[in-house]
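Engineer:
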Amino acid sequence: MATLEDVAELAGCSLATASRALTLKGSISDAMLRKVRRAAAELGYRHAVPGGKSGRRLVVGILIPSITNPVFSSSLSSIENRMLMAGHGVLIAQSNYDPARELNAVAALLNEKPTGLILTLCGAEKSGVLDLPLPPTVLLHNRPTPHFPSAVTVDNFRAGHELTAYLRELGHRRILFLSGSFSTSDRAKLRYDGYASAMRGTGIDPLPAMQISFVGDYDLLDLSATIADRKPTAIIASNDLLAFGVIGALRREGLSVPGDISVAGFDGISLGRMMDPPLTTIEMPDASMGAAAASLLLDIAENAAPPRHLEMAYTLRRGGSVRAI
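Position 255 of the sequence shown, counting from 1, maps to 255 under full-length UniProt numbering, and the rest follow consecutively.
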């Protein structure tokens, strides 16, 4: 079992310095703090104070929009596994796609003095989180900004463009984009922008997006008025859970998928493959993105690595929920 002496030797410092770094008591430089913490993580050392009580545990804070969405739970699982290997605990908060709740959640995470943060924000460029004193921070699913230069993303604009172009190749001209509110998800807005670009690129004006709340009962979604007014032959939902709600709403109207209206989504969650017909969707590398975000944060926090943007690949998964017309 590793000892404090082992940690100090590996970090190249005194026992007193190693103790200050692990208990967060006393003065110590940021560089030495990272060095000691990295040594402790590599050795699997856990500090204890007199009396047998554990000292402050090294933790990272994670903010996600919703823990019930498989996209974020998959990323979260990968982050937790990576942090466990590095000797860090994980603190989790969710915003429920609410900018005000997002701000309060991050403030609560900061009270625990985390090593760093991994954040999925409603909108990275306008978030109230910008005004908080943040430790090393990595965005997950949000594009980098001048304030948040470290991020792990996919190209949501290009994904929206590719999915729309695929439907256009199948002959669809009236394609409706159904989304959660753009004010609570910049990812959804980028996907819509890609849709609009692909439509215009083929000489067709895009339909205005139908925006609803991301937090709600998708099984009660009513599309009767929208279908009668806009007469879509295909509907793109901004995520797979919403696509499932769309399919249910269409069937309640007596319409078949894809016989009457085609449906596609984003995320590629496993439930979509088990549907009948299987959902056509943009499959995101959620687990890989979570692991990459965790590794990037540790590299920045413990090794003083420069911030960087990692863009990961998505896949268009062709299912049976769309057809040629």
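Just so it is clear, CB atoms sit at the ideal spot from N, CA and C, and this is done for glycine as well.
So, helix, strand or coil for glycine 55, using DSSP?
Structural biologist: Confidence is the limiting factor: at glycine 55 the pLDDT is only 44, short of 50, which leaves the residue's position unreliable, though a coordinate-based value still follows. Coil at glycine 55, not helix or strand.
Engineer: Go to glutamate 80, then tell me how far its alpha helix (DSSP H) extends in each direction, as first and last residue.
Structural biologist: Counting along the chain, the alpha helix (DSSP H) containing glutamate 80 begins and ends at 70 to 85.
Engineer: In this structure, what does DSSP give as the bridge partners for phenylalanine 266?
Structural biologist: BP columns for phenylalanine 266 point to Ile282.
Engineer: Taking Cβ to Cβ, would you say glycine 265 is nearer than 8 Å to alanine 237?
Structural biologist: Yes; because the gap between Cβ atoms is below 8 Å, this pair is in contact.
Engineer: Using a Cβ-Cβ cut-off of 6 Å (strictly less than) and excluding sequence neighbours within five positions of proline 285, which residues of its own chain qualify?
Structural biologist: Excluding residues within five positions, the ones whose Cβ falls inside 6 Å are Met312.
Engineer: Should the region 165 to 176 be regarded as contacting the region 224 to 234, the criterion being three or more beta carbon pairs within less than 8 Å?
Structural biologist: Yes, the region 165 to 176 touches the region 224 to 234.
Engineer: Going by other Cβ atoms of all chains shown within 10 Å of its Cβ, with 16 needed for buried, is threonine 202 buried or exposed?
Structural biologist: So threonine 202 ends up on the exposed side.
Engineer: Mapping DSSP to helix, strand and coil, what is isoleucine 300?
Structural biologist: Note: isoleucine 300 maps to helix in three-state DSSP.
Engineer: Is the beta carbon of isoleucine 79 closer than 8 Å to that of valine 71?
Structural biologist: For valine 71 and isoleucine 79, no; Cβs fall outside 8 Å.
Engineer: Would phenylalanine 157 and glycine 180 be called neighbours here (beta carbons separated by less than 8 Å)?
Structural biologist: It is not a contact, given that the beta carbons lie outside the stated cut-off.
Engineer: Any heavy atom of the ligand SAH closer than 7 Å to the CB of arginine 230?
Structural biologist: As for the ligand SAH, it is missing from this structure, which has no ligand bound.
Engineer: Nearest-angstrom Cα distance between aspartate 240 and isoleucine 269?
Structural biologist: Going by the C-alpha atoms only, they are around 7 Å apart.
Engineer: Does the region 81 to 96 come into contact with the region 141 to 155, if we say contact requires no fewer than three beta-carbon pairs (one atom in each stretch) closer than 8 Å?
Structural biologist: Because the criterion of three Cβ pairs below 8 Å is not met, the region 81 to 96 and the region 141 to 155 do not touch.
Engineer: When the Cα atoms are used, what is the spatial distance from arginine 308 to arginine 101?
Structural biologist: C-alpha separation (whole angstroms): 28 Å.
Engineer: I need the DSSP call for proline 50, collapsed to helix, strand or coil.
Structural biologist: At proline 50 the pLDDT is 39, less than 50, meaning the model places this residue with poor confidence and gives no usable figure here.
Engineer: Tell me where the beta strand (DSSP E) around alanine 93 begins and ends.
Structural biologist: Note, alanine 93: beta strand (DSSP E), 89 to 94.
Engineer: Would you mind sorting valine 49 into buried or exposed? The rule is 16 or more other CB atoms within 10 Å of its CB.
Structural biologist: Summary for valine 49: the model assigns pLDDT 40, below 50, so the residue's position carries little reliability; its value from the coordinates is reported in the next sentence. Valine 49 is exposed by the Cβ-count criterion.
Engineer: Excluding the 5 residues flanking arginine 34 on each side, which residues of the same chain have their C-beta closer than 8 Å to its C-beta?
Structural biologist: The answer, listed in chain order, is Ala301, Glu302, Asn303 and Ala304.
Engineer: Which whole-angstrom value describes the C-beta separation of valine 106 and leucine 139, a residue pair presumed to lie in contact below a C-beta threshold of 8 Å?
Structural biologist: Contact flag wrong, Cβ pair sits at about 12 Å.
Engineer: What whole-angstrom Cβ distance do serine 95 and proline 65 have, given they're in contact under 8 Å?
Structural biologist: The Cβ separation is near 5 Å, so the contact holds.
Engineer: Which residue from Leu130, Ala8, Asn81 and Met83 puts its Cα closest to that of asparagine 104?
Structural biologist: Checked all of Leu130, Ala8, Asn81 and Met83; the closest Cα to asparagine 104 is Leu130.
Engineer: For the beta strand (DSSP E) that arginine 317 lies in, which residues bound it at each end?
Structural biologist: Run containing arginine 317: 315 to 317, per the beta strand (DSSP E) assignment.
Engineer: Tell me whether glycine 52 is buried or exposed, calling it buried when 16 or more other Cβ atoms sit within 10 Å of its Cβ.
Structural biologist: In this prediction, glycine 52 has a pLDDT of 37, which is less than 50 and means its spatial position is unreliable; nothing more can be read from the coordinates.
Engineer: Go ahead and label glycine 290 buried or exposed: buried means 16 or more other beta carbons lie within 10 angstroms of its beta carbon, across all protein chains shown.
Structural biologist: Per the 10 Å Cβ criterion, buried.
Engineer: Counting only the same chain and skipping the five closest in sequence on each side, list residues whose C-beta sits under 8 Å from that of glutamate 112.
Structural biologist: Around glutamate 112: Val59, Gly61 and Leu91.
Engineer: Considering Cα atoms alone, identify which of Glu42, Leu119 and Leu76 is closest to methionine 85.
Structural biologist: If we check each option's Cα against that of methionine 85, Glu42 comes out closest.
Engineer: Just reading off the beta strand (DSSP E) that glycine 171 is part of, what are its end residues?
Structural biologist: Looking at the DSSP string, glycine 171 is not in any beta strand (DSSP E), and its letter there is neither H nor E.
Engineer: State the Cα-Cα distance for the pair glycine 319 and threonine 281, rounded to the nearest angstrom.
Structural biologist: Cα-Cα distance, rounded: 7 Å.
Engineer: Jot down the residue ranges of each uninterrupted beta strand (DSSP E) in the region 220 to 256, minimum 3 residues, whole runs only, in chain order.
Structural biologist: You should have 234 to 237.
Engineer: Which residues in the same chain have their Cβ closer than 6 Å to the Cβ of alanine 287, if we skip the five residues on either side of it in sequence?
Structural biologist: Excluding residues within five positions, the ones whose Cβ falls inside 6 Å are Ser74 and Ser78.
Engineer: How many Å lie between serine 295 and arginine 82 at the Cα?
Structural biologist: Their Cα atoms are separated by approximately 7 Å.
Engineer: Would valine 257 and leucine 178 qualify as a contact pair, given that the criterion is a beta-carbon distance under 8 Å?
Structural biologist: Not closer than 8 Å, so no.
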